[in-house]
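In what follows, a single structure is set out as structure tokens and then discussed.
Numbering (this note's numbering), first residue to last: 11 to 377.
Shown next, in the form of structure tokens:
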């Protein structure tokens, strides 16, 4: 085994010294400056005699001649390249790719199934005959057995803090559309035989790995730029919230919530009040022994109460008022650490009308 991991330092520095700066500008998924110079992006190359035509994963050219030839293959991820191309390799090996992700974003996987004419982005082998998954956002393919080694570098559709307006490309390797042309040299950059070529997930620009440095670093979002919503225009600061709260939609509430009136009202298991169902109130001991929570309506001010725009909370029997305020702030997507700036008012909807609410709001402005 002739591994190139033991090259001299002088040769290693010459292999990637001129490419590190360009890589940092182009790639939005990897931190190229974190990779030691000359490390060949973590690959462990060894020579392999090829007895049939093959394609270089870096330059997309044929890797076979009349008398046969010797290629360089990575022992870990099966990356195949010319001996002259290994010093210009940009693709990080599977063993280090998860650790080089600058902004980790999890993938949205599809159902497990079979995909025709696709290649695994982890082991670089076909996924035709084995069970595989596909990311619905960035078209990242992976065998089910390779799922533990997937790099969390999905397309970032939102940012938490607006510090800058990044417009760089988000490159995804391989599985390009048929007859894809390189945006730089205008030559074919796709292949049905291996995982080669790259494509921007925003503007759908395709290129060779050996040519992508000639492409402008700024992404213009392609033909859909007029209707595309860039990631710096979307902010999701609290990812712990439910999706229904983030997009402003509520699930249909069960019928048992229709009879909820106030914090101290008692209800039976079917949602009816004691007067309607004829069930007498239980003793204090029976109330504390119940293993289910009470549902209450929470309104964000008197205006929301008049419009009947509320959020539902599930509260335990021994919950404190301060805890109720914190949960209410979370329900309305407000910072829970500001709970001391708010106060709670209990209202019985049957006994209070709109006029009394306006009068009550003036008297209860002080917490």
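Beta carbons are placed, not taken as given, at the ideal position from N, Cα and C, and that holds for glycine. Every value quoted in this text rests on a predicted model; they were computed, and no experiment measured them.
For residue 208, name the three-state secondary structure that DSSP assigns. strand
Identify the continuous beta strand (DSSP E) that holds residue 186 and give its terminal residues. Run containing residue 186: none; DSSP gives neither H nor E here.
Check the DSSP bridge columns for residue 151 and list the partner residues they point to. 144
Indicate whether the contact test is met: 3 or more Cβ pairs, each with one atom in the segment 127-144 and one in the segment 108-116, closer than 8 Å. no
What are the boundary residues of the beta strand (DSSP E) that residue 58 is part of? 55-60
With 16 other CB atoms within 10 Å as the buried threshold, where does residue 101 fall? buried
Pop quiz: residue 229 and residue 182 are said to be a contact at Cβ under 8 Å. What is the actual Cβ separation, rounded to whole angstroms? Their Cβ separation, rounded to whole angstroms, is 13 Å, which puts residue 229 and residue 182 out of contact at 8 Å.
Would a check of beta-carbon distances place residue 235 closer than 9 Å to chain D? Chain labels in this structure do not include chain D; a single protein chain is all it has.
What did DSSP end up calling residue 163 once you bin it into helix, strand or coil? strand
Looking at the unbroken alpha helix (DSSP H) that takes in residue 331, where does it start and where does it end? 331-341
Can you give me the C-alpha to C-alpha distance between residue 211 and residue 156, rounded to a whole angstrom? 22 Å
Is the segment 198-211 touching the segment 79-87 in the sense that three or more CB pairs, one from each, lie closer than 8 Å? Under the Cβ criterion (8 Å, minimum of three pairs), the segment 79-87 does not count as touching the segment 198-211.
Other residues of its chain near residue 96: CB distance less than 7 Å, five sequence neighbours each side excluded: 14, 50, 55 and 82
For a test of the three-state rule: what should DSSP assign to residue 86, helix, strand or coil? The three-state secondary structure of residue 86, taken from DSSP, is coil.
Count Cβ pairs between the segment 213-227 and the segment 197-204 that sit closer than 8 Å; are there 3 or more? yes
Beta-carbon within less than 6 Å of residue 215's beta-carbon, same chain only, minus the 5 sequence neighbours each way: which residues are those? So the list reads 193, once near-sequence residues are dropped.
Classify residue 70: buried if its beta carbon has 16 or more other beta carbons within 10 angstroms, exposed otherwise. buried
Would residue 307 and residue 321 qualify as a contact pair, given that the criterion is a beta-carbon distance under 9 Å? yes
Distance CB(residue 161)-CB(residue 130) smaller than 9 Å: no
Classification of residue 150 by the beta-carbon crowding that lies within 10 angstroms, buried from 16 upward: buried
Return the chain-ordered list of same chain residues with a C-beta closer than 6 Å to the C-beta of residue 93, the five sequence neighbours on each side being excluded. Within the same chain, residue 93 has close Cβ partners 82.
Does DSSP put residue 215 in a helix, in a strand, or in coil? coil
For the candidate residues 65, 90 and 99, whose alpha-carbon lies nearest to that of residue 57? Distances from the alpha-carbon of residue 57 to those of 65, 90 and 99 put 90 closest.
How many Å lie between residue 106 and residue 52 at the Cα? 6 Å
Cutting at 6 Å between CB atoms, please list the residues of its own chain near residue 165, excluding the five before and the five after it. Closer than 6 Å at Cβ, skipping near neighbours: 147, 148, 180 and 211.
What three-state label does DSSP hand residue 73 in the structure shown? Reduced to three states, the DSSP call for residue 73 is coil.
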